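J.: Handing you this structure, nothing more for now.
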Amino acid sequence: MMLVSVHADAGWWSRAPVDFEECAASAEKSAASSEEKGKLLTACEARFAGRRKPGGGYTYYDFMQNRHFDIAGPNPTKEEQRRIDEQYAVFLKDQRRSIIAAAFFRKQQQVEQANAALEASGKADPVNIRLTPAPKRRARHLTVLPRPRPETAPHCGSDLLSVCNRSRMSAGVHDIKKALFGSFAKRSATDAHSVRAHPPAGAVRAAK
């Protein structure tokens, strides 16, 4: 009986681990060095995804979602894996919405801060608002011609025999002669015309 019991105990220890905890305990006992122990534990983690729960059963930690999922065995079944993937898709959608909402909120805060700064300063930002100058009109240049000046009589001085004074005296005598004799000649011509038109009575009788 004792031999059977020893062989039975030896068979129990030689069987493969059923979960991560048994695999880790086996690695702890069989590892000859810390380096070998690390390699065995890494192999246990790759083999078993679930971990034992204190009250029984297993739990699976999805580090992509930072969330634990309850599973029936040491590894999730196909149905459990499908449910985990569906939850991951929902998680990505929520993350995308959160990122968009956070970006929109930050942008809205920047706009509100800029508007508050503009209201506080009381003037617009000269960098963002540019005024287009009005086109300049070409000025018309007017050419001003010199005004003609009236001719002034030359200053002859006090010398009566100078050429200037003699010329002025000749012009004056000519004007006087024109005024006197011109009027007289005009009057004589008018009288002669009147005599021819109306001869005296004695002259008419003598002619007869």
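Here this note's numbering runs 1076 ahead of the position in the sequence shown, where the first position is 1.
A virtual CB, placed ideally from N, CA and C, is assigned to each residue, including glycine.
It should be emphasised that the depicted structure is a prediction, and the values quoted were computed from it without experimental measurement.
Pull up the distance between the alpha-carbon of residue 1173 and that of residue 1150, whole angstroms please.
T.: 34 Å
J.: Once you ignore the five residues that flank residue 1092 on each side, which residues in its own chain have a CB closer than 7 Å to its CB?
T.: none
J.: Reducing DSSP to helix, strand and coil, say where residue 1145 ends up.
T.: strand
J.: Please work out which residues of its chain come closer than 7 Å, Cβ to Cβ, to residue 1120, disregarding the five sequence neighbours upstream and downstream, and give them in chain order.
T.: 1096, 1099, 1100 and 1103, listed in sequence order.
J.: Do you know how far the Cα of residue 1130 is from the Cα of residue 1043?
T.: This structure cannot speak to residue 1043, because the chain is shown only from 1077 to 1284.
J.: If you compare alpha carbons, which of 1146, 1155 and 1184 is closest to residue 1132?
T.: 1146
J.: Checking 8 Å against the spacing of the C-beta atoms, do residue 1126 and residue 1135 come in under that value?
T.: yes
J.: Less than 8 Å between the beta carbons of residue 1113 and residue 1107, yes or no?
T.: Yes.
J.: Leaving out five residues before and five after residue 1094 in sequence, what residues of the same chain have Cβ atoms less than 8 Å from its Cβ?
T.: Answer for residue 1094: 1150, listed in chain order.
J.: What three-state label does DSSP hand residue 1095 in the structure shown?
T.: Annotated three-state conformation of residue 1095 is coil, per DSSP.
J.: Return the bridge partner residues of residue 1128 from the DSSP annotation.
T.: 1134
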